[in-house]
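S.K.: Residue 1 is where the sequence shown starts when you use full-length UniProt numbering, and the numbers rise one by one after that.
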Amino acid sequence: MPPRWPRKPDRKDPAYRKLDDRMNFAIHVAIFALCNSGLWFFHNLNMVTWEWLPWLTAGWMVVVLGHLIYISAIANYSEIPPTST
1 MPPRWPRKPD RKDPAYRKLD DRMNFAIHVA IFALCNSGLW FFHNLNMVTW
51 EWLPWLTAGW MVVVLGHLIY ISAIANYSEI PPTST
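1. Residue range of the alpha helix (DSSP H) that alanine 33 falls in?
2. Have a look at Thr57, Leu68, Arg4 and flag the residue whose alpha-carbon is nearest the alpha-carbon of alanine 33.
3. With a Cβ-Cβ cutoff of 8 Å, do tyrosine 70 and proline 14 count as a contact?
4. Assuming contact is defined by CB atoms lying nearer than 8 Å, are alanine 75 and aspartate 21 in contact in what I supplied?
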């Protein structure tokens with residue numbers, strides 16, 4: 001069951017932005033795990049030499065770690081100040 005939000009979801013709400021970013025990260029990790037585990041399974045099952053597979057896994061892992069660093073250390077979840085015109 002998805003989490004319930006007590007008010008109308010809006011990207012201007014810092015708590016909602018933080019939750020949304022973390023859920024996007026969880027989906028990113030799930031897709032990474034699904035694809036890479038499947039590729040490595042068939043790599044081992046067929047005993048083939050896919051030289052590109054370790055590079056794909058390492059590259060994607062760097063992207064996932066970058067995503068984690070962004071949501072945990074770089075992203076600013078403070079109130080968005082109103083823009084003056």
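We put the CB at the ideal spot given by N, CA and C, even for glycine. Just so it is clear, the structure is predicted and the values come from calculations on it, not from any experiment.
M.R.: A quick look at the data gives this:
1. Here residue 33 is taken as the residue at index 33 of the sequence shown, counted from 1. Counting along the chain, the alpha helix (DSSP H) containing alanine 33 begins and ends at 14 to 46.
2. By one-based count along the sequence shown, residue 33 stands at place 33. Closest option to alanine 33, Cα to Cα, is Thr57.
3. Residue numbering aside, residue 70 sits at position 70 when the sequence shown is read from its first letter. Residue numbering aside, residue 14 sits at position 14 when the sequence shown is read from its first letter. For tyrosine 70 and proline 14, no; Cβs fall outside 8 Å.
4. As a position in the sequence shown, residue 75 is number 75, starting the count at 1. As a position in the sequence shown, residue 21 is number 21, starting the count at 1. A contact, by the Cβ cut-off of 8 Å.
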